[in-house]
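The listed protein sequences derive, respectively, from chains L and U. Quick note on numbering that gives the first Met the number 0: the first sequence kicks off at 0 and runs consecutively. Quick note on numbering that gives the first Met the number 0: the second sequence kicks off at 0 and runs consecutively. Notes to accompany the following structure.
Protein chains: 2
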Amino acid sequence: MNETLKTIYNRKSVRVFEDKEIAGEIKTHIIKSAMRAPTAGNMMLYTIIEVAEQSAKETLAETCDNQPFIAKSPFVLLFLADYQRWYDYYIASGVPELCGKNNMEMRKPGEGDLFLACCDALIAAQNAVIAAESLGLGSCYIGDIMENYEAHKELFGLPRYTFPIAMVCFGYPTEQQVKREQPNRFDERFIVFKDKYKSLSLYDFEEMFKEMDEKGSKSFIGGAENSGQHNYLRKFSADFSIEMTRSVREILKNWK
Amino acid sequence: MNETLKTIYNRKSVRVFEDKEIAGEIKTHIIKSAMRAPTAGNMMLYTIIEVAEQSAKETLAETCDNQPFIAKSPFVLLFLADYQRWYDYYIASGVPELCGKNNMEMRKPGEGDLFLACCDALIAAQNAVIAAESLGLGSCYIGDIMENYEAHKELFGLPRYTFPIAMVCFGYPTEQQVKREQPNRFDERFIVFKDKYKSLSLYDFEEMFKEMDEKGSKSFIGGAENSGQHNYLRKFSADFSIEMTRSVREILKNWK
Chain L
0 MNETLKTIYN RKSVRVFEDK EIAGEIKTHI IKSAMRAPTA GNMMLYTIIE
50 VAEQSAKETL AETCDNQPFI AKSPFVLLFL ADYQRWYDYY IASGVPELCG
100 KNNMEMRKPG EGDLFLACCD ALIAAQNAVI AAESLGLGSC YIGDIMENYE
150 AHKELFGLPR YTFPIAMVCF GYPTEQQVKR EQPNRFDERF IVFKDKYKSL
200 SLYDFEEMFK EMDEKGSKSF IGGAENSGQH NYLRKFSADF SIEMTRSVRE
250 ILKNWK
Chain U
0 MNETLKTIYN RKSVRVFEDK EIAGEIKTHI IKSAMRAPTA GNMMLYTIIE
50 VAEQSAKETL AETCDNQPFI AKSPFVLLFL ADYQRWYDYY IASGVPELCG
100 KNNMEMRKPG EGDLFLACCD ALIAAQNAVI AAESLGLGSC YIGDIMENYE
150 AHKELFGLPR YTFPIAMVCF GYPTEQQVKR EQPNRFDERF IVFKDKYKSL
200 SLYDFEEMFK EMDEKGSKSF IGGAENSGQH NYLRKFSADF SIEMTRSVRE
250 ILKNWK
């Protein structure tokens, strides 16, 4: 097996970091890897913000569903889906005048453009994550960066046509994190289909969640009787999920 | 430099494939790499559909902005953001009854859940792309899979809480593709900022697009006088962009 596959297969998220700086050269590889990622029409529809200020990390540790380890990460990158830069460039390039001359209304970024920009940003983020892994660094995605839009907008000065789609914390894993067992994934037969989408049957779900039902039954919360009820209470109906949808709805208004 | 970084740095998109099958073992590595990608709460909020039927590839070659090479790819993977599986599982697990007992209304997937699932799907897709690259395969993202939702919904039997966020065509690159020059990216100073978003100035834009303005001036379309006007006409106001936003709006209705 080649080194890249080994890197991919062995990765697991790391949420406890050694108190150790990351060398400039390593950071450069991570950023350059992100920037080499495939991008729609070579437009690079994203912006990367390095969160260097400690106070900002501490704010994020709270606004991103209270995860204190964010403040302890020596290297935090925010990935924005970004059409603002191109929109500004169109204006600067005289597109409004061109449209006026041709009796056309100038388009503004819409929902399709937003999702395309999210693709660019996330593909770049995952290149950064794999590059970091190959260099001995651990990482963890913070999906919660989509929450509390108003606070993050102010913190980073986000203009209208941007969307904070992912944040990644990097750092050297502690010994305990290195030894932590890699979580299992669901079996391929529940995730990968041929030619058509397949809805799972009750029997499929029993098989799919067998291990979780057995392992987890002692820690089910709120009177949950199985993994499905537990996950619903723990994740899907939790405050952070509700906040994420509220916050994303707020951002979406900018793109309409 | 390690092998993984080399793989990342040397990649470029490939749109012309050798007429050569991909061995099952190689496909397995690509799928397994996707499935090892980080995923929010280990929920795997995505589904991968291998598009194996030739007739489906031919349809996609038309519905995805008329790109005939799609039909010639020996391995095509569709990445769906997918909350349908979990929603079905909640129902199957008696969550409606649990909610009834506790006088709570059962949540349905919303916009935040959609974006989180898109993260999962895209992160998995990029793992597949890098794994393929490390095995000597080329690949190309088809962002246009977000267009023509109605046709793709029927083609793949997509249920409500899914979103076709990315498609990737894989194949062995032809000699000409191997030799093709890797396109430049914009300079880091226009893409990567520290702590705050930075709006670019007119001077920045001049610097950023200098090469494009010089190289491209002979091929500007529709009376465009610079790269900004050209890109606006060629990409941003092109039929596929307008269709993408129409189609995405249609999908978004499912998540509201």
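Where is the CB? At the ideal position from N, CA and C, for every residue including glycine.
Review point. What residues of chain U sit near Arg248 of chain L, judged by a beta carbon separation below 7 Å?
Key: Glu110
Check your understanding: Who are the near neighbours of Tyr8 of chain L in its chain, counting only those whose CB is closer than 6 Å to its CB and skipping five residues on each side?
Key -> none
**Study point:** Reduced DSSP secondary structure (H/G/I, E/B, other) of Gly170 of chain U
**Key:** strand
Exercise for review: Determine, using beta-carbon pairs with one atom in the segment 126–143 of chain U and one in the segment 109–128 of chain L, whether at least three such pairs fall under 8 Å.
Suggested key: yes
Exercise for review: Starting from the C-beta of Asp64 of chain U, find all residues in its chain whose C-beta is less than 7 Å away, skip the five residues before and the five after it, and write them out in chain order.
Suggested key: Asp143, Glu146, Phe239
Point to revise | Residues near Gly23 of chain L by beta carbon distance below 6 Å, same chain, minus five either side | key: none
Check your understanding: For Glu17 of chain U, which residues from the same chain have a beta carbon less than 6 Å from its beta carbon, with the 5 sequence-adjacent residues on both sides left out?
Key -> Tyr171, Thr173
Exercise for review: Taking a Cβ distance cut-off of 7 Å, strictly less, list which residues of the segment 55–75 of chain L are near chain U, in chain order.
Suggested key: Ala55
Check your understanding: From Gly93 of chain U to Phe185 of chain L, what does the alpha carbon distance come to, in whole angstroms?
Key -> 21 Å
Practice item. Please decide whether Val94 of chain U counts as near chain L, where near means a Cβ-Cβ distance under 7 Å. Key: yes
Check your understanding: Which stretch, first to last residue, makes up the alpha helix (DSSP H) that contains Asp203 of chain U?
Key -> 201–207
Practice item. Would you identify the three-state DSSP class for Ser12 of chain L, choosing helix, strand or coil? Key: coil
Practice item. Would you list the residues sitting across from Ile47 of chain U in a DSSP beta bridge? Key: L:Val191, U:Phe78
Point to revise | As assigned by DSSP and simplified to three states, the class of Thr161 of chain U | key: strand
Practice item. Please report how far the alpha carbon of Gln176 of chain L lies from the alpha carbon of Ser133 of chain U, in whole angstroms. Key: 27 Å
Point to revise | Alpha-carbon to alpha-carbon, Leu113 of chain L and Asn267 of chain L | key: Outside the displayed span of chain L (0 to 255) sits residue 267 of chain L, for which this structure offers no information.
**Study point:** For Tyr196 of chain L, the first and last residue of its enclosing alpha helix (DSSP H)
**Key:** Looking at the DSSP string, Tyr196 of chain L is not in any alpha helix (DSSP H), and its letter there is neither H nor E.
Review point. So what does DSSP say about Ser92 of chain U, is it helix, strand or coil?
Key: coil
Check your understanding: Is the shortest distance between the beta-carbon of Leu121 of chain L and the beta-carbons of chain U less than 7 Å?
Key -> yes
Review point. List, in order along the chain, the chain U residues whose C-beta lies closer than 7 Å to that of Arg84 of chain L?
Key: Leu199
Review point. Using a C-beta cutoff of 7 Å, does Val13 of chain L count as contacting chain U?
Key: no
Exercise for review: Pick helix, strand or coil for Gly23 of chain U, following the three-state DSSP scheme.
Suggested key: helix
Review point. If Thr256 of chain U sits next to Ile129 of chain L, beta carbons under 8 Å apart, how far is it from one beta carbon to the other, in whole angstroms?
Key: This structure does not reach residue 256 of chain U, given that chain U is present from 0 up to 255, and the question cannot be answered.
Check your understanding: Shortest alpha-carbon distance to Asn126 of chain L belongs to which of U:Ile25, U:Ala36, U:Lys234?
Key -> U:Ala36
Check your understanding: Name the chain U residues that come within less than 8 Å of Ile144 of chain L, Cβ to Cβ?
Key -> Chain U residues near Ile144 of chain L: none, gap ~10 Å exceeds 8 Å.
Review point. Under the rule that 16 or more other beta-carbon atoms within 10 Å means buried, what is Arg188 of chain U, buried or exposed?
Key: exposed
**Study point:** Check: Asp87 of chain L C-beta below 6 Å from any heavy atom of the ligand FAD
**Key:** The model depicted lacks the ligand FAD and carries no ligand whatsoever.
Check your understanding: Considering only the beta carbon of each residue, do Ala124 of chain U and Val167 of chain U sit closer than 7 Å?
Key -> yes
Review point. Which partner residues does Tyr140 of chain U have in the DSSP bridge list?
Key: U:Val167
Exercise for review: Under 8 Å between beta-carbons, which chain U residues line up against Asp238 of chain L? List them in chain order, please.
Suggested key: Going along chain U, no residue has its Cβ under 8 Å from Asp238 of chain L, so there is no contact; the nearest lies around 12 Å.
Review point. How do the segment 79–90 of chain U and the segment 199–217 of chain L stand: do at least 3 beta-carbon pairs fall below 8 Å, yes or no?
Key: yes
Check your understanding: So, is the C-beta of Pro172 of chain U closer than 7 Å to a C-beta in chain L?
Key -> no
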